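Enquirer: Okay, handing you the structure first.
2 protein chains.
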Amino acid sequence: MLSLTAFEHVINFSEMSQKAVLVGAGNVATQLGLTMSKAGYSIGMVISKTSKSSTVLAKKLNCPHSTNIHDIPLDTDIIIIAVNDDAIATVVKKIKHKSAHVLHTSGTTEMSVLKKHFKNCGVLYPLQTFSKDIAIDLTSTPLLIEGNSKKNTAILTHFAKNISKHIIFADSKKRKEIHLAAVFACNFSNYMYSIANTILKKEKLDISILSALIEETTKKAIKGNPELQQTGPAKRNDKITLKTHINLLKKNKDYQHIYKTLSQSIEKKYKK
Amino acid sequence: MLSLTAFEHVINFSEMSQKAVLVGAGNVATQLGLTMSKAGYSIGMVISKTSKSSTVLAKKLNCPHSTNIHDIPLDTDIIIIAVNDDAIATVVKKIKHKSAHVLHTSGTTEMSVLKKHFKNCGVLYPLQTFSKDIAIDLTSTPLLIEGNSKKNTAILTHFAKNISKHIIFADSKKRKEIHLAAVFACNFSNYMYSIANTILKKEKLDISILSALIEETTKKAIKGNPELQQTGPAKRNDKITLKTHINLLKKNKDYQHIYKTLSQSIEKKYKK
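Just so you know, the sequences run in chain order A and B. Terminal number for the first sequence in numbering that gives the first Met the number 0: 271, no gaps in between. Terminal number for the second sequence in numbering that gives the first Met the number 0: 271, no gaps in between.
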């Protein structure tokens, strides 16, 4: 962890009197805004491309909102860009606040996209899955941070500590790999649950029947080594079951293709 | 739930004085044997194709063991076949105990494989993932049961209730679909954790960094509707991130292919 000692005299954005603006009003912006507000930060404005979503978040944060990025108040100290990865570069070009601290919250976008435009910048990527309507306890969410200088990293660390107990320093290369791992562990495993639910609905059941199974699977995976915990017909190379399952999926070629792809990969990995 | 009233006079294998034999000594046989033993059932023998695994389980259950299926004692009342699905048909042909209750524990194998050979038979499929060395609380594991007659289903229900609080009647067709859903929700999601762990190890990290994320993902999926909780670059159609991730996986064509297959399916499903 970097020491703040050298920078203690610096007025920095970890001081809660500083004014923050959120660019974006999606899941990440919502949860980050709510947590910052709870931690005592003052949110000066919410900017979003659609009036609908900026209005909703601004109401929650009790602050003004706009669809025009040029409306960001001149005295803004911290600008947090929490928009789709594809939109970050476009947003960055429109921000004229050269002296503000500018952060993005993307797992995969490099910090260099900011460095070209701002003197003080960094990344604050929360390693979590967010919904607009489900409040998340960010205090136990790992925050991956990177600053464009030692000083800014230290300032960012101090800021991040007001939000979470779990701060990890990760440069752009490392953060990209962690984000990729998170896509497998979160987005893709959720898609597996989604397919399971679709199959169960045909039988007038739902995913709740699998809760004990899902809880045990994740408990073992987090604690130990998921490689050693792999079970199932592909691992055992149970050919009859594999054939039966592929046949059961004949009406959904997409799910059938996924079943085959994953089973083949598992078989290959565990072949004696 | 079927009523037992009509069968109360029948001597059945839910009475704990009855003698049980386990054919198989893998994960399912181990956990079922341990739970039955704890519930007061007497395990008469463990049969397995290898002496090594039958010895290990027999020691845990304090009973004889053999690699020869013809050694099953003549006075055996319950025979539980817990072997690989592909081996069930072969095992069944070797069992000469025509009057014993014979059960298999497979999710996908139809009960008909037993009906041809035994007067009293059924299926007891525990909807859970098992390891030999991690004890499972079967009392909260759903047991899917099916008997070859009303009487045998009632007897099996009574037996199953001594093992678990969560009994579900499912015929072979329904059980197959539930097993298929379980493969997606358990085996495939574990494989996603396994891939995530491999990626993280390259960065000298491991899957524990993703615990908050994994816990939140599964909590939301079990409670709600995983279709509505989908997040990630494929859902958002974040083309730059998708391209970056595919490029990061260039050294592992297998994982790259899985990433593309799942992302394409998610994109297709959520396309506006």
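Note that beta-carbon positions come from the ideal geometry of N, C-alpha and C, so glycine has one too. These figures come from a predicted structure and were not determined experimentally.
Drop a sphere of 10 angstroms on the beta-carbon of B:Gly223, count the other beta-carbons inside from all chains shown, and report buried for 16 or more, exposed for fewer.
Expert: Taking the second sequence and counting its residues from 1, the one referred to as residue 223 of chain B is at position 224. With fewer than 16 other Cβ atoms within 10 Å, it is exposed.
Enquirer: Shortest alpha-carbon distance to B:Lys114 belongs to which of B:Gln127, B:Asp76, B:Val91, B:Thr128?
Expert: As a working mapping, residue 114 of chain B is identified with position 115 in the second sequence. Residue B:Val91 is the option with its Cα nearest to B:Lys114.
Enquirer: Do three or more CB pairs link the stretch 109-124 of chain A to the stretch 196-210 of chain B at distances below 8 Å?
Expert: No: the two stretches stay apart, fewer than three of their Cβ pairs being nearer than 8 Å.
Enquirer: Is A:Asn189 close to chain B, meaning its C-beta is less than 7 Å from at least one C-beta of that chain?
Expert: Walking along the first sequence from the start, residue 189 of chain A turns up at place 190. So yes, A:Asn189 belongs to the interface.
Enquirer: Please identify, using Cβ separations under 8 Å, the residues of the stretch 24-40 of chain B that lie next to chain A, in order along the chain.
Expert: Cβ contacts with chain A come from Asn26.
Enquirer: Pick out whichever of B:Phe117, B:Lys48, B:Gln30, B:Lys118 has its Cα sitting closest to the Cα of B:Thr128.
Expert: On the second sequence, position 129 is the one that residue 128 of chain B refers to. Ranking B:Phe117, B:Lys48, B:Gln30, B:Lys118 by Cα distance to B:Thr128 puts B:Gln30 first.
Enquirer: Kindly say whether B:Phe168, judged by its beta-carbon, lies nearer than 7 Å to any beta-carbon of chain A.
Expert: Within the second sequence, numbered from 1, the residue matching residue 168 of chain B stands at position 169. Judged by the 7 Å Cβ criterion, B:Phe168 is not in contact with chain A.
Enquirer: Mind listing the chain A neighbours of B:His256? Cutoff is C-beta to C-beta under 7 Å, in chain order.
Expert: Taking the first residue of the second sequence as 1, we reach residue 256 of chain B at position 257. Here the neighbours are Thr260.
Enquirer: Could you tell me which of B:Ile71, B:Leu123, B:His69, B:Ser130 sits nearest to A:Pro225, measuring between CA atoms?
Expert: Looking up residue 225 of chain A in the first sequence gives position 226. Checking every option, the nearest Cα to that of A:Pro225 belongs to B:Ser130.
Enquirer: Would you check if there are 3 or more beta carbon pairs closer than 8 Å linking the stretch 171-180 of chain A to the stretch 183-191 of chain B?
Expert: No: the two stretches stay apart, fewer than three of their Cβ pairs being nearer than 8 Å.
Enquirer: Answer yes or no: does any C-beta atom of chain A fall closer than 7 Å to that of B:Asp84?
Expert: Position 85 of the second sequence, counted from the start, is the residue given in the question as residue 84 of chain B. B:Asp84 counts as touching chain A.
Enquirer: In whole angstroms, what is the alpha-carbon distance linking B:Ser139 and A:Ser50?
Expert: Reading the second sequence from its first residue, position 140 is the one you call residue 139 of chain B. Reading the first sequence from its first residue, position 51 is the one you call residue 50 of chain A. Going from the Cα of B:Ser139 to the Cα of A:Ser50 covers about 48 Å.
Enquirer: Hey, could you find the ends of the beta strand (DSSP E) B:Met110 is sitting in?
Expert: The residue given as residue 110 of chain B occupies position 111 in the second sequence. Neither: B:Met110 is in no beta strand (DSSP E) and is coded neither H nor E.
Enquirer: Please return the same chain residues whose Cβ sits closer than 6 Å to the Cβ of B:Ala57, not counting the five positions on each side in sequence.
Expert: Taking the first residue of the second sequence as 1, we reach residue 57 of chain B at position 58. Taken in chain order, the residues that qualify are Val45, His64.
Enquirer: Is there a Cβ of chain B sitting closer than 7 Å to that of A:Tyr269, yes or no?
Expert: For the purposes of this step, residue 269 of chain A is identified with residue 270 of the first sequence, where counting begins at 1. Chain B contact via Cβ: absent.
Enquirer: Give the residues from the stretch 175-186 of chain B that approach chain D closer than 9 Å (Cβ to any Cβ), ordered along the chain.
Expert: Note that chain D does not occur in the displayed structure, where the protein chains are A and B.
Enquirer: List, in order along the chain, the chain A residues whose C-beta lies closer than 9 Å to that of B:Ser50?
Expert: Translated into the one-based positions of the second sequence, residue 50 of chain B becomes position 51. Neighbours of B:Ser50 on chain A: none; closest Cβ ~19 Å, over 9 Å.
Enquirer: Of all the CB atoms in chain A, is at least one closer than 7 Å to the CB of B:Gly231?
Expert: Position 232 of the second sequence holds residue 231 of chain B. Judged by the 7 Å Cβ criterion, B:Gly231 is in contact with chain A.
Enquirer: Rounding to the nearest angstrom, what Cα-Cα distance links A:Ile290 and A:Ala153 in this structure?
Expert: A query on residue 290 of chain A cannot be resolved here, the shown segment of chain A reaching from 0 to 271 and no further.
Enquirer: Per the DSSP calculation, A:Ser41 is bridged to which residue(s)?
Expert: The residue labelled residue 41 of chain A in the question sits at position 42 within the first sequence. Note: A:Ser41 sits in a beta bridge opposite A:Lys18.
Enquirer: With contact counted as at least three CB pairs below 8 Å, one residue from each stretch, are the stretch 34-48 of chain A and the stretch 151-165 of chain A in contact?
Expert: At 8 Å Cβ cutoff, the stretches touch.
Enquirer: Can you find a C-beta in chain B that's less than 7 Å from the C-beta of A:His244?
Expert: Within the first sequence, numbered from 1, the residue matching residue 244 of chain A stands at position 245. A:His244 counts as touching chain B.
Enquirer: Among A:Asp253, A:Thr156, A:Asp170, which has the Cα closest to the Cα of B:Leu261?
Expert: Mapped onto the second sequence, residue 261 of chain B falls at position 262. Selected option, being the one with the closest Cα: A:Asp253.
Enquirer: Within the same chain, show all residues whose beta-carbon is closer than 8 Å to that of B:Lys93, passing over the 5 residues directly before and after it, in chain order.
Expert: For the purposes of this step, residue 93 of chain B is identified with residue 94 of the second sequence, where counting begins at 1. Excluding sequence neighbours, B:Lys93 sits near Ile68, His69.
Enquirer: CB-CB under 7 Å to B:Lys249, same chain, minus the five flanking residues each way: which ones, in chain order?
Expert: As a working note, residue 249 of chain B is residue 250 in the second sequence. Result list for B:Lys249: Gln255, in chain order.
Enquirer: Enumerate in chain order the residues of its own chain whose CB-to-CB distance from A:Gln17 is below 7 Å, with the five nearest sequence positions on each side excluded.
Expert: Residue mapping note: residue 17 of chain A aligns to position 18 of the first sequence, counting from 1. These residues qualify, in order along the chain: Asp76, Ile77.
Enquirer: Find the nearest neighbour of A:Glu145 within the set A:Asn26, A:Thr107, A:Ala134, judged by alpha-carbon distance.
Expert: Residue mapping note: residue 145 of chain A aligns to position 146 of the first sequence, counting from 1. Answer by Cα proximity: A:Thr107.
Enquirer: Can you check whether the C-beta of B:Gln17 is within less than 7 Å of a C-beta belonging to chain A?
Expert: Locating residue 17 of chain B in the second sequence gives position 18, counting from the first residue. Chain A contact via Cβ: absent.
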